[in-house]
Amino acid sequence: MSRAVEVHLRSFTYDGCREPVLRDTQFHLDYGQLTLLSGLSGCGKSTLLSLINGVIPRMTAGTLDGQVLVDGEDIAGRTMSQISRKVGCVLQNAESQIIHQSVEDEIAFGCENFGVDPADIDQRIGDSCARLGLERSWATRTLSGGQKQRLVTASTLAMGADILIFDEPLANLDQSGALELLELLRALARQGKAVLLVEHRLDVVLPYADVVWELREGSAHLVADKAAYLGRQVSVIRDTPADRLTGSAPALRVSRLTKRFGPRTVLDGLDLELMEAERLLLLGENGCGKSTLLSILARLQRADGGHVEQFLNPALGKRADRNWFRCVGVVYQNPNYQLFMPSVADELTFAAADRDYALELAGRFGLTPLLERHPHSLSEGQKRRVTLAAILAQKPRLLLLDEPTVGQDYAGLRQLVDVLNEIHREERNTMITITHDFRCAAALCDRAVWLERGNLFRQGGKDLAEAFFFREQPG
Amino acid sequence: MTDRFYVRHPLYPIVSILTALLTLIGSLALARSVWGSVFVAAVFVLLCLFGYASTCLRALPVIAVYLAVFSLIFYLASGGNAVFTWQMANRLAGVAVAVLPGLSMPPVRLTRCLTALGCPRLLTLGMLITTSFVPVLSGEIRQVRSAMRTRGVTSLWNATAFYRAFLIPLLVRLVNISDTLALSVETRGFVSQAGGYTVYHPVRLTGKDLCFAGLFLAVLVCGLTAPLLGLAAPVQGVLA
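Line order of the protein sequences matches chains A and B.
Yeah, the first sequence ends on 555 if you go by the working numbering, and it's all consecutive.
Yeah, the second sequence ends on 270 if you go by the working numbering, and it's all consecutive.
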């Protein structure tokens with residue numbers, strides 16, 4: 081039986097670039113296995129996926145010197161539609177992939193394109209919905225980020241391809257959602273499909289992977305010892321006692337905070353106090369109100385009830401004006417919203433308290449080689465670091481971080497956590513972090529708060545992060 | 031957002047489109063007579079009787095406010111000319127009622143109908159994505175506005191700030207979204223050429239559609255031929 085995918089590459093170079101992204105790469109994917117492709121941010125994982133699903137060179141131009149075989153056949157000269165009959169692909173950013181207004185129609189779309197009989201389409205929709213925990217009548221605009229991810233997966237599964245590629249499918253999923261998806265992918269592999277996964281959350285994925293490849297220095301290497309690789313990649317990052325600086329005066333006090341979106345109550349009378357120089361971690365499943373709480377604390381949204389008292393600076397009024405945002409640094413989950421200057425250097429110095437400090441931060445975040453680059457030409461992980469550095473350059477008293485670790489490989493994650501904690505020690509800022517990444521969660525907090533159904537479920541120290549992330553063990 | 035207006039069994043899409051068009055034309059043609067008001071009211075009632083009652087009733091307060099505000103404006107602007115105001119109100123009411131069939135129709139239904147009639151898939155898919163894109167666009171604008179503020183850019187009136195902090199992230203996001211969307215569509219087997227695809231829920235013309243069309247045309251023809259039968263009923267005659 082031929083391999084599902086074989087890549088024999090001497091080099092691949094994007095148009096306009098001098099250096100090849102991939103070189104001397106031999107890669108294969110087999111049926112009946114769940115294969116993980118890992119590597120540092122910007123190393124070429126998405127490029128390899130794009131070569132397999134046909135995006136390169138049909139939609140993205142580049143010079144390919146080599147061959148990509150799917151089911152033993154060279155795909156050069158095949159159209160994307162022809163390739164998609166064999167290779168199903170779930171891309172990053174599920175929100176941007178949904179075109180229909182109901183779950184049923186979205187799942188049917190791929191099947192319609194393949195000329196599947198309507199009765200068969202109906203069956204496939206039922207099967208996909210059952211597998212992914214969706215209801216066919218749901219409106220897509222009402223779905224959470226995790227549900228949208230599952231919808232796009234369901235749409236791909238319904239098409240019936242035997243080779244499935246997933247590009248960071250766990251990015252918007254909480255722990256339980258991630259484990260459910262991985263169980264499904266493992267089951268699909270056991271049914272004989274070839275499943276390829278690109279992920280940074282190795283701690284979650286590695287126990288499920290049959291085969292692991294690492295992309296390093298432009299070429300793919302098969303990882304022989306999964307356990308040793310796991311050990312190197314998923315060590316929990318620890319902070320130091322010097323990072324724990326909680327003061328005795330309050331920085332923020334939240335009283336009976338309520339927020340509703342239509343009939344849904346997201347925050348339900350929440351009470352919370354944050355002390356000066358404290359690092360607080362917000363834990364909870366998708367949709368529990370973490371990002372909404374952060375947004376209200378940042379004064380980007382108004383609450384429907386209750387109030388928030390700030391003790392950061394008595395001179396600050398009640399408005400979310402420029403002075404407020406000098407004092408409160410907000411780092412968005414998606415860095416693309418916050419980048420707008422023509423170079424990384426300009427981005428860092430834009431609202432910086434001190435230009436030299438901003439450039440020093442660039443060094444700490446490993447951004448010095450990228451200073452002249454346009455921010456939007458960077459990888460997502462690099463963009464996230466630029467945004468972080470730019471906000472930190474303002475020397476905010478309160479730092480609000482919404483998933484700052486998404487898209488970071490282990491080395492980048494370690495560096496990011498170390499720098500955040502260094503700056504915390506230097507500036508004695510107050511931090512609130514949301515993250516699904518258990519490797520760094522404890523290192524970024526002195527106290528953790530677990531939200532459920534819009535209110536405080538539990539609060540505790542760093543051990544609460546472990547209790548939250550390990551409340552369900554992988555299968 | 032607009033899915034709150036969808037009806038369970040909408041009319042055949044082509045019938046909906048023609049209804050909207052002819053309502054607009056009819057209301058403009060009959061604006062100068064009382065038949066304009068009668069025609070628009072009759073179309074409204076007809077829609078209610080053919081399954082659009084929930085949409086019509088939901089839209090009614092908005093239509094009433096819209097008519098009241100603009101009628102007042104026209105009345106004041108024309109120096110208290112009630113005839114002119116009534117005639118303009120007929121036209122405005124025609125526009126409002128013409129919107130109702132389209133508002134109540136899920137875009138996918140129109141797409142499937144046009145696809146089944148042989149309309150190029152690229153066009154129908156483009157229409158579908160465009161109609162789905164409006165709430166996405168408004169969501170993106172909200173996000174960019176908030177993000178701008180987090181970087182200390184709080185005013186849109188500063189041209190540099192507007193260009194840099196608003197337009198650049200917005201355009202980058204829109205390009206990213208459209209790239210991802212195009213990729214998603216292609217990797218799900220979409221081809222622009224005809225043939226080789228099926229329609230999951232084919233949209234067919236039914237007896238109900240033909241009945242509605244017949245009654246609608248009857249109302250329109252009555253209104254248009256009323257002057258020929260000596261029943262002109264101009265607005266100024268009625269108000270005099």
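For glycine and all other residues, C-beta sits at the position ideal for the given N, C-alpha and C.
Treat the numbers as computed from the prediction; the structure is a model and nothing was measured.
Closer than 9 Å by beta-carbon distance: list the chain B residues that pair up with A/Tyr412, in chain order. Counting only Cβ-Cβ distances below 9 Å, A/Tyr412 has contacts in chain B at Gln173, Ser176, Ala177 and Thr180, in chain order.
Whole runs of the beta strand (DSSP E) within the region 92-156 of chain A, excluding any shorter than 3 residues: Entirely contained in the region 92-156 of chain A, the beta strand (DSSP E) runs reaching 3 residues are, in chain order, 102-109, 114-119 and 142-150.
Which of helix, strand or coil DSSP assigns to A/Asp434: Three-state DSSP puts A/Asp434 in coil, outside helix and strand.
Terminal residues of the alpha helix (DSSP H) in which A/Gly213 lies: Taken as a continuous stretch (DSSP letters only), A/Gly213 belongs to no alpha helix (DSSP H), as it is neither H nor E.
Chain A residues whose Cβ lies nearer than 8 Å to that of B/Pro150: Simply none; closest approach about 14 Å.
What did DSSP end up calling A/Met239 once you bin it into helix, strand or coil? A/Met239: coil per DSSP, three-state reduction.
Should B/Leu153 be flagged as near chain A, meaning a C-beta pair shorter than 8 Å? So, not an interface residue.
With respect to the alpha helix (DSSP H) encompassing B/Gly244, which residues constitute its N-terminal and C-terminal limits? Its alpha helix (DSSP H) spans residues Gly237 to Thr255.
Along the chain, where does the alpha helix (DSSP H) that runs through B/Ser67 open and close? The continuous alpha helix (DSSP H) containing B/Ser67 extends over residues Val64 to Leu77.
Could you give the DSSP three-state label for A/Ser328: helix, strand or coil? Three-state result, A/Ser328: coil.
For A/Val486, which of helix, strand or coil comes out of DSSP? Residue state, collapsed to three classes: coil.
Any Cβ of chain A within less than 8 Å of the Cβ of B/Ser162? For B/Ser162, the answer is yes, since a Cβ of chain A falls inside 8 Å of its Cβ.
Is it the case that the CB of A/Leu253 approaches a heavy atom of the ligand HEM more closely than 7 Å? The ligand HEM is not part of this structure, which contains no ligands at all.
Inter-residue spacing [alpha-carbon to alpha-carbon] between A/Ala528 and A/Asp401: Using only the alpha carbons, I get a separation of about 29 Å.
Residues of the region 167-188 of chain A with a CB closer than 7 Å to any CB of chain B: list them in chain order, please. If you check each beta-carbon in the region 167-188 of chain A against every beta-carbon of chain B, the ones closer than 7 Å belong to Cys169, Leu171, Asn173, Ser176, Gln177, Ile179, His180, Gln181, Asp185 and Ala188.
With 8 Å set as the bound, which would you pick, yes or no: does the beta-carbon of A/Phe445 sit closer than that to a beta-carbon of chain B? So no, A/Phe445 is outside the interface.
Opening and closing residue of the alpha helix (DSSP H) in which A/Met421 lies: Going by DSSP, A/Met421 is part of no alpha helix (DSSP H) at all; its letter is neither H nor E.
Let me make sure I understand the geometry here. Which of A/Leu481, A/Ala238 and A/Leu458 has the alpha-carbon closest to that of A/Leu419? The residue with the shortest Cα to Cα distance from A/Leu419 is A/Leu458.
Our contact map puts B/Val70 next to B/Phe242 with C-beta atoms below 8 Å; I'd like the distance itself, whole angstroms only. Contact doesn't hold; Cβ gap of about 16 Å is too wide.
Short-range partners of chain A found in the region 184-214 of chain B, where Cβ spacing is below 7 Å: For the region 184-214 of chain B, the beta-carbon criterion of a distance under 7 Å to any beta-carbon of chain A is satisfied by Thr184, Arg194, Ala195, Ile198, Pro199, Val202, Arg203, Asn206, Ile207, Thr210, Leu211, Leu213 and Ser214.
Burial state of A/Gln553, where buried means 16 or more other Cβ atoms lie within 10 Å: For A/Gln553, the predicted model reports a pLDDT of 42, less than 50, meaning its position is unreliable and no value from the coordinates is stated.
Can you round the beta-carbon distance between A/Gly168 and A/Ala241 to whole angstroms, since I take them to be within the 8 Å contact cut? Indeed, because the Cβ distance is near 4 Å, the residues count as touching under 8 Å.
Considering just the uninterrupted stretch of the alpha helix (DSSP H) at B/Met118, what are its terminal residues? B/Met118 -> alpha helix (DSSP H) spans Ala112 to Leu133.
For a test of the three-state rule: what should DSSP assign to B/Arg218, helix, strand or coil? In this structure, B/Arg218 counts as coil in the three-state DSSP scheme.
How should A/Lys273 be labelled, buried or exposed, when 16 other C-beta atoms within 10 angstroms of its C-beta is the threshold for buried? The residue is buried, with at least 16 neighbouring Cβ atoms inside 10 Å.
N- and C-terminal bounds of the alpha helix (DSSP H) containing A/Asp283: If you look at A/Asp283, you'll find it in the alpha helix (DSSP H) that goes Leu282 to Val285.
Taking CB distances under 8 Å as the criterion, tell me whether A/Thr93 reaches chain B. Under the 8 Å criterion on CB atoms, A/Thr93 is classed as non-interfacial with respect to chain B.
Work out the CA separation of B/Leu51 and A/Gly213 for me, nearest whole Å. Near 42 Å, if we compare the C-alpha coordinates of B/Leu51 and A/Gly213.
Given that B/Pro165 touches chain A, what residues does it touch there, using C-beta distances under 9 Å? Within chain A, the residues near B/Pro165 are Arg221.
With a Cβ-Cβ cutoff of 8 Å, do B/Gly219 and A/Ser176 count as a contact? Remark: C-beta atoms of B/Gly219 and A/Ser176 do not approach each other more closely than 8 Å.
Nearest-angstrom Cα distance between A/Gly555 and A/Ser256? At A/Gly555, the pLDDT of 41 sits below 50, so the modelled position is not reliable and the matter cannot be decided from this model.
Quick check on A/Thr448: buried or exposed, where buried means 16 or more other Cβ atoms within 10 Å of its Cβ? With fewer than 16 other Cβ atoms from the protein chains shown falling within 10 Å of its own Cβ, A/Thr448 counts as exposed.
8 Å Cβ cutoff, A/Ala545 in contact with chain B: It does not: the Cβ of A/Ala545 has no partner Cβ on chain B nearer than 8 Å.
Three-state secondary structure (DSSP) of B/Leu204: In the structure shown, B/Leu204 sits in a helix (DSSP, three-state: H, G or I).
Per-residue burial, A/Asn393 [other beta carbons within 10 Å of its own, 16 or more giving buried]: Exposed is the call here.
Can you name, in chain order, every residue of its own chain whose Cβ lies under 7 Å from the Cβ of A/Trp404, other than the five neighbours on each side? Counting only Cβ-Cβ distances below 7 Å, and skipping sequence neighbours, we find Arg379 and Leu396.
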